[in-house]
Amino acid sequence: MCQRRLNGLAILSMEKEAAKRVDFDAIIKEFAEAKVRRQKMNGLFENYFTAYSNRNIISM
Numbered sequence: 001m002c003q004r005r006l007n008g009l010a011i012l013s014m015e016k017e018a019a020k021r022v023d024f025d026a027i028i029k030e031f032a033e034a035k036v037r038r039q040k041m042n043g044l045f046e047n048y049f050t051a052y053s054n055r056n057i058i059s060m
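According to my numbering, the stretch in the sequence shown is residues 1 to 60, in order.
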């Protein structure tokens, strides 16, 4: 195991009571929502840049 992983496991062991209180379902849901939001934003920017570049090609 690498040192970073061992450090993480040691911290989890020391903070096991706090780790037990973590709501993993809420964290997973928040992560999934952020990913969907990011994908929507990427699509929005792609559409904008495609339209912008098409407009510049036509005007040349």
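Just so it is clear, CB atoms sit at the ideal spot from N, CA and C, and this is done for glycine as well.
On a predicted model such as this, the values are computed, not experimentally measured, just so you know.
- Taking C-alpha positions only, I11 is separated from R4 by approximately 11 Å.
- The beta carbon of K29 sits closer than 6 Å to no other beta carbon from its chain once the five residues preceding and following it are set aside.
- Between the C-alpha atoms of F31 and N7 there is a straight-line separation of about 24 Å.
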